[in-house]
Amino acid sequence: MSPPGAEWLPAGIAGLVGLSLAVAVLATAWPRQAHRIGLLGALAVTAWVLVLSAVFLNAGPDPETAATRVALGGWEAPLGLMLHLDGLSVTLLVLTAVVGLATSLYSLGYVHDRIERRQFWPLWLWLWAGLNMLFLSGDAFNLYITLEVVSLSAVALVAFTGTAAAVSGAVRYLLVNILGSLSFLMGVVLLFGEHGVLDLVLLEARTEAGPTERMAAVLMTAGLMLKAALFPLHVWLAPAHGSAPAPVSAVLSGLVVTGSFYLILRLWLGVFAPLATPAFGILVGLLGVGALVWGSLQALRAGRLKSIVAYSTVAQFGYLLVAFPLMLVDPGTWRVVVFFTVVHALAKASVFLAAGTLQHAAGHDRLADLGDVLRARPRMVFALGLAGVSLMGLPFTGGFIAKYLLLEAGLGTVLAGSVIGVLWVLAIAGGGLLAAAYVLRMVAPSFQRGRADAGETVSLWMDWVPLGLATVAALAGLAGTLTLNTLALTPGAP
Amino acid sequence: MNGLLVLFDLVLLAGIVGVAWRCLASTDLFRAVVLFITFGLLLALAWVRLEAPDIALAEAAIGAGITGALLLVTLERLRSIMAERRSGRPHSPPPDPTGPHALLRALHDPLPEHRTFLPALTFALVVGGLLVTALWHQPQSVGLEPVVDAHMDVSGVDHPITAVLLNFRAYDTFLELAIVLIALLGAWSLGRHDLIPARPAPGPILPGTLRLLVPVAVVTGVYVLWAGSHAPGGAFQAGAILGAAGILLVLARPRQLPMAPGGPLRLGISAGVALFLLVGLYGLAAGHGFLGYAEAWAYPLIILIEVAATLSIALTLVALFVAGRPAGDDA
Chain A
1 MSPPGAEWLP AGIAGLVGLS LAVAVLATAW PRQAHRIGLL GALAVTAWVL VLSAVFLNAG
61 PDPETAATRV ALGGWEAPLG LMLHLDGLSV TLLVLTAVVG LATSLYSLGY VHDRIERRQF
121 WPLWLWLWAG LNMLFLSGDA FNLYITLEVV SLSAVALVAF TGTAAAVSGA VRYLLVNILG
181 SLSFLMGVVL LFGEHGVLDL VLLEARTEAG PTERMAAVLM TAGLMLKAAL FPLHVWLAPA
241 HGSAPAPVSA VLSGLVVTGS FYLILRLWLG VFAPLATPAF GILVGLLGVG ALVWGSLQAL
301 RAGRLKSIVA YSTVAQFGYL LVAFPLMLVD PGTWRVVVFF TVVHALAKAS VFLAAGTLQH
361 AAGHDRLADL GDVLRARPRM VFALGLAGVS LMGLPFTGGF IAKYLLLEAG LGTVLAGSVI
421 GVLWVLAIAG GGLLAAAYVL RMVAPSFQRG RADAGETVSL WMDWVPLGLA TVAALAGLAG
481 TLTLNTLALT PGAP
Chain B
495 MNGLLVLFDL VLLAGIVGVA WRCLASTDLF RAVVLFITFG LLLALAWVRL EAPDIALAEA
555 AIGAGITGAL LLVTLERLRS IMAERRSGRP HSPPPDPTGP HALLRALHDP LPEHRTFLPA
615 LTFALVVGGL LVTALWHQPQ SVGLEPVVDA HMDVSGVDHP ITAVLLNFRA YDTFLELAIV
675 LIALLGAWSL GRHDLIPARP APGPILPGTL RLLVPVAVVT GVYVLWAGSH APGGAFQAGA
735 ILGAAGILLV LARPRQLPMA PGGPLRLGIS AGVALFLLVG LYGLAAGHGF LGYAEAWAYP
795 LIILIEVAAT LSIALTLVAL FVAGRPAGDD A
């Protein structure tokens, strides 16, 4: 049997959507077996995504025409809606599969109560399906609906332990999400009213820098920034991510937030590209510096392990904003930004999973009292450290490559004569130092003398999965060239 | 345009804005909910005036009807929680932190302060002004109407809205069904509901009304579902009407309601999504594309999907009204 070729791609893309939906529907209808369905489904979806990406890369596509578009139901745009696969979506699909598989394995140990399991798995599988559909969507209105699938299942997962803190975090998260979605939808309506099409490729061909586009850009970007917790619209993040169950926090910080950011990037690379001006870039960059400083300071002050991790997400997403002005000088920088997002998602998910194991073992996650458990669980400390090193950007990790490339782009702008470029360079370098400070804060108690007490026993999955994912995050540096080359296969983007 | 109609539109517009304002400004939650229902009905009228009867139906049934019922029942539970708290049993053990009650308690945070009022108003005016400006500059776009009209003969149905929803953009509709289902899964994950005791009403009026209204609602629901293939109507509207009949029964409950069995209930709520997906996967395997139909089979398949979707939507809405998951679901 010969491996499937490029002609298989359209069926493969629609099949991926069908498969992930089938897994979610099956788990919903048959909750008693939901965890088994979930595990098999996670393996199947991951395998499918890997095959799909291999076929995509193997087809040796031409960067100008690399996108594969699938007309659902045989109806081409503008009548029907199209799925859209290119280098950017392939990268994020693979990321989702890796983090999703790790989270699923971890959840086998973490969600062990029979009744909780029945509630958790269907929601998680819907969330995963929603993310896959989001990354494959090529239609503005469909993007709104997939965003809703993602947000609603994410909100339900935050609330699902049912404690008062979790529920109030979830309600806040729900309100923010609704506001963000409505704002996004208003932008979609404006674009449709002006151009009469919803397909992103057709929209891109028709947009120019007019008042409708400006208004739509503001509404959609603001809505998505709210959903992505980009500074200064981040206030909801820490309560929601900090009080959710560990696998949910990992997925929220690793994937859901990334999904909204992906959409911002996708829109500004395509439909809104004519609107980007240097002044706008500087404004976004300044917000990024604010995020880096504010998020890091909060992470340094927080008393709970999971709060530190949640605030570090706010800080790390500052890099993505700082990169905006760099993109205006050297458009190719967007690929570095995506690579950074990928590494961040892997590292952040593993930190959250490790934090969940520690919390389970100790019964709480107050940093001041975690020393005993940290000292008795070197594997968790190692996972925290390894992922943390990647977040800081020390050499040979994925984070290092990403930050090195960002710094290079920043220095490029300085050399190009931009004075404010100095600020971006300082922010990128300083953010790494601040990250080092809060990562060390997390692992420091394990180096002090004191009692060692492993606390509650944890299952094998909870013990090993965080370390495995942290290793993947560290090794992601080796896949840097591959990722950047894959991302180059995105037509329309510079 | 007819002068009387212009007058009607102006009054309607003023009514919508006025009711919305009163709803937001009301400090009495019950009054706000009632005003919200009124707002939904006025909005439905506005959709009629905009010649969008499908949206008008959906707005009246779901936006005003079902949402209103959900808000009212939430309010009732909120009141009973507050009454418990006010009756002041400081030494009684704290209530179980899990379950839908926790959600209600979390919702009952202090009302927004007055000093947020001015910034909120400014923000709304600025965004509203910008939106109006942007809309002012928009060309008189025909959207996709000509494209849809050109494909009506191969869509399998005679009503363009149904053709778009169930054929040309079936994927979106499928995901909307999924969202309703996810909302229920979320509500169920928060806790179980208690046994619902009977509430026999004195006198013949309530049982008599029920006996008349429920069959009428069922017939109307089935009609709206069937009409969807050639006139305004369809699964969401029909599901809302059937769901309303179910909610009426839950509210009046002349007898103790039986506990819903877990397995069949799960099948019922996911039937719409499951059948839709099966048809879609079959389309992919048969070469019509994911969520595509062979032209000759389009009509029966669309009807089949709509029937299953109606049942699932009705069941889901009733289950959302009851809120917690039935004990049978944990078995």
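Note that the protein sequences, when read in sequence, are chains A and B.
Under this note's numbering, the first sequence has 231 at position 231, and the numbering climbs by one with no breaks.
Under this note's numbering, the second sequence has 517 at position 23, and the numbering climbs by one with no breaks.
Beta carbons: idealized from backbone N, C-alpha and C, even for Gly.
Keep in mind the model is a prediction, meaning the values are calculated, not measured.
Contact with chain A by residue i, beta-carbon distance below 8 Å
{"i": "N661/B", "result": "yes"}
{"i": "H585/B", "result": "Residue placement at H585/B is poorly supported in this model, since its pLDDT is 40, which falls under 50; the coordinates still yield a value, given next. Not an interface residue."}
{"i": "T592/B", "result": "The predicted model places T592/B with a pLDDT of 44, which falls under 50 and marks its position as unreliable, so this point remains unresolved."}
{"i": "H687/B", "result": "no"}
{"i": "G786/B", "result": "yes"}
{"i": "P588/B", "result": "Any reading at P588/B needs caution, since the residue's pLDDT is 42, under 50, leaving its predicted position unreliable; the model's value is listed next. Taking Cβ atoms only, chain A never reaches closer than 8 Å to P588/B, which makes this a no."}
{"i": "V767/B", "result": "yes"}
Closer than 8 Å to chain B by CB, residue i
{"i": "V149/A", "result": "yes"}
{"i": "M215/A", "result": "yes"}
{"i": "L185/A", "result": "no"}
{"i": "S104/A", "result": "no"}
{"i": "N177/A", "result": "no"}
{"i": "N485/A", "result": "no"}
{"i": "A71/A", "result": "yes"}
{"i": "Q119/A", "result": "yes"}
{"i": "L123/A", "result": "yes"}
{"i": "L415/A", "result": "no"}
{"i": "P211/A", "result": "yes"}
{"i": "I308/A", "result": "no"}
{"i": "V188/A", "result": "no"}
{"i": "P245/A", "result": "no"}
{"i": "E194/A", "result": "yes"}
{"i": "L21/A", "result": "yes"}
Integer Cβ distance of residue i from residue j, believed to fall under 8 Å
{"i": "V373/A", "j": "G455/A", "result": "5 Å"}
{"i": "G715/B", "j": "L736/B", "result": "4 Å"}
{"i": "A540/B", "j": "L506/B", "result": "6 Å"}
{"i": "A711/B", "j": "A677/B", "result": "With a Cβ gap of about 22 Å, A711/B and A677/B do not count as contacting."}
{"i": "V322/A", "j": "I428/A", "result": "6 Å"}
{"i": "Y438/A", "j": "S350/A", "result": "Y438/A to S350/A, Cβ: 16 Å. No contact."}
{"i": "L518/A", "j": "A59/A", "result": "As shown, chain A starts at 1 and ends at 494. That puts residue 518/A outside it, with no answer to give."}
{"i": "V197/A", "j": "L190/A", "result": "Wrong, their Cβ atoms sit about 13 Å apart, outside the cutoff."}
{"i": "G38/A", "j": "A27/A", "result": "6 Å"}
Run of the alpha helix (DSSP H) containing residue i, from where it starts to where it stops
{"i": "T103/A", "result": "87–110"}
{"i": "E456/A", "result": "No alpha helix (DSSP H) holds E456/A; DSSP gives it neither H nor E."}
{"i": "M225/A", "result": "211–228"}
{"i": "R375/A", "result": "371–376"}
{"i": "M186/A", "result": "164–195"}
{"i": "M442/A", "result": "421–443"}
{"i": "I796/B", "result": "792–816"}
{"i": "E570/B", "result": "561–580"}
{"i": "V322/A", "result": "305–329"}
{"i": "N142/A", "result": "140–159"}
{"i": "V710/B", "result": "699–721"}
Residue of the options minimising C-alpha distance to residue i
{"i": "V824/B", "options": "P78/A, R118/A, T28/A", "result": "Sequence check: residue 824/B is Asp here, not Val. When only C-alpha atoms are compared, the closest one is R118/A."}
{"i": "F533/B", "options": "D522/B, T521/B, A508/B, L544/B", "result": "A508/B"}
{"i": "V641/B", "options": "V658/B, W630/B, H631/B, V651/B", "result": "V658/B"}
{"i": "D139/A", "options": "Y665/B, L811/B, E553/B", "result": "Y665/B"}
{"i": "L384/A", "options": "A154/A, S89/A, K306/A, G285/A", "result": "K306/A"}
{"i": "P445/A", "options": "G430/A, L482/A, G371/A", "result": "G371/A"}
{"i": "E670/B", "options": "L743/B, M646/B, I807/B", "result": "I807/B"}
{"i": "P633/B", "options": "V176/A, F192/A, G100/A, P274/A", "result": "F192/A"}
{"i": "P122/A", "options": "A279/A, L136/A, V149/A, G281/A", "result": "V149/A"}
Run of the beta strand (DSSP E) containing residue i, from where it starts to where it stops
{"i": "A71/A", "result": "68–71"}
Residue i: CB within 7 Å of a non-hydrogen atom of the ligand HEM
{"i": "A97/A", "result": "This structure simply doesn't include the ligand HEM, nor any ligand for that matter."}
Beta-carbon neighbours of residue i, restricted to chain C and to distances below 9 Å
{"i": "G822/B", "result": "The chain inventory of the structure shown lacks chain C, comprising the protein chains A and B."}
Original post:
Quick one, which residues of the segment 625–641 of chain B are near chain A if we go by CB-CB under 8 Å, in chain order?
Top reply: L625, T627, A628, L629, H631, Q632, P633, S635, V636, G637, L638, V641
Original post:
What residues in the segment 646–676 of chain B bring their beta carbon closer than 7 Å to a beta carbon of chain A?
Top reply: N661, F662, R663, A664, Y665, D666, L669, E670, A672, I673, L675, I676
Original post:
What residues from the segment 514–537 of chain B come within 7 Å of chain A, judged by C-beta to C-beta, listed N to C?
Top reply: none
**OP:** Check each residue of the segment 28–50 of chain A: if its Cβ is closer than 8 Å to any Cβ of chain B, include it; give the result in chain order.
**Re:** T28, A29, W30, P31
**OP:** Compile a chain-ordered list of the residues in the segment 750–774 of chain B whose CB is closer than 7 Å to at least one CB of chain A.
**Re:** R760, L761, S764, V767, A768, L771, G774
Original post:
Which residues, taken in chain order from the segment 124–145 of chain A, show a beta carbon closer than 8 Å to some beta carbon of chain B?
Top reply: W126, M133, F141, N142, I145
Original post:
Got a sec: which bits of the segment 148–172 of chain A sit with their beta carbon under 7 Å from any beta carbon on chain B, in order along the chain?
Top reply: E148, V149, L152, S153, V155, A156, A159, F160, G162, T163, A164, V167, S168, V171
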